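Peer 1: In the numbering used here, the protein residues as written are 4 to 179. Where a beta carbon is used, it is the ideal one built from N, C-alpha and C, also for glycine. Here the structure is a predicted model, which means the values were calculated and not measured.
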């Protein structure tokens with residue numbers, strides 16, 4: 004009888020340990036992965052061209068400003084007061100236009116970068132999900148951001164209701 008009990012305990016412990024070890028965890032550096040994708044190199048090329056276009060437009064505005072400023076300074080003594088005011092106003096408007104353009108260009112650059120990066124990130128995420136599911140991983144940690152890159156939601160238990168109970172938060176308060 005003792006041998007049967009010992010054998011049963013040994014089998015149960017082995018099964019328990021096996022199920023514990025069967026849960027696979029993984030890690031990935033998604034930033035590194037994305038940087039290695041050919042699409043990222045193409046995106047960087049596109050962004051460089053976009054930045055050059057912005058820089059060229061900004062340089063055109065600056066050249067126009069500098070030309071008008073030099074003309075104003077060169078002819079300052081011969082200009083009438085009304086022409087001086089007109090030229091000063093024109094220079095101020097050019098300066099304002101340049102500042103506005105820089106702000107809008109920065110926003111456009113960020114928007115374009117996000118627009119081009121979104122499908123790359125999505126493709127990487129799909130590949131991570133596919134490999135994680137096929138490999139039977141329960142959780143994959145993204146070491147570049149310190150977050151989860153993948154988790155098998157069906158295998159995980161939402162502990163929020165228990166934590167709310169522990170904190171004394173009622174179910175009606177949680178629903179609001």
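Which stretch, first to last residue, makes up the beta strand (DSSP E) that contains residue 111?
Peer 2: From DSSP, residue 111 is part of no beta strand (DSSP E) but of the alpha helix (DSSP H) over 84-138.
Peer 1: Can you tell me which residues form a DSSP beta bridge with residue 144?
Peer 2: According to DSSP, which records beta bridges pairwise, residue 144 is partnered with 30 and 151.
Peer 1: Just the C-alpha distance for residue 156 and residue 130, rounded to the nearest angstrom, thanks.
Peer 2: Taking the straight line from one Cα to the other gives about 17 Å.
Peer 1: Three or more beta-carbon pairs under 8 Å between the segment 132-143 and the segment 24-42, yes or no?
Peer 2: As far as the Cβ criterion goes, the segment 132-143 touches the segment 24-42, which means the pair count is three or higher.
Peer 1: To the nearest angstrom, report how far apart residue 57 and residue 113 are at their CA atoms.
Peer 2: Their backbone Cα atoms lie some 12 Å apart in a straight line.
Peer 1: Identify, in the order they occur along the chain, each residue of the same chain with its Cβ nearer than 8 Å to the Cβ of residue 71, setting aside the five sequence neighbours on each side.
Peer 2: For residue 71, where only same-chain residues beyond five positions count, the Cβ hits under 8 Å are 90, 93, 94 and 97.
Peer 1: Let me know if residue 153 comes out buried or exposed under the rule of 16 or more other beta-carbons within 10 Å of its beta-carbon.
Peer 2: Buried is the call here.
Peer 1: Secondary structure at residue 50, three-state DSSP: helix, strand or coil?
Peer 2: The answer is helix: DSSP assigns residue 50 an H, G or I state.
Peer 1: Take the Cβ of residue 135 as the centre, count every other Cβ of all protein chains shown within 10 Å, and call the residue buried at 16 or more, exposed below.
Peer 2: So residue 135 ends up on the buried side.
Peer 1: How close, in whole Å, do the beta carbons of residue 37 and residue 121 come, if the pair is a contact with beta carbons under 8 Å?
Peer 2: Residue 37 to residue 121, Cβ: 11 Å. No contact.
Peer 1: Can you give me the Cβ contacts of residue 148 inside the same chain, cut-off strictly under 6 Å, excluding the 5 residues immediately before and after it?
Peer 2: If we look at residue 148 and ignore the five residues flanking it on each side, it has no Cβ neighbours.
Peer 1: What is the C-beta distance between residue 104 and residue 162, in whole angstroms, given that I count them as a contact (C-beta under 8 Å)?
Peer 2: Contact flag wrong, Cβ pair sits at about 52 Å.
Peer 1: What does the alpha-carbon distance come out to for the pair residue 150 and residue 133?
Peer 2: Going by the C-alpha atoms only, they are around 18 Å apart.
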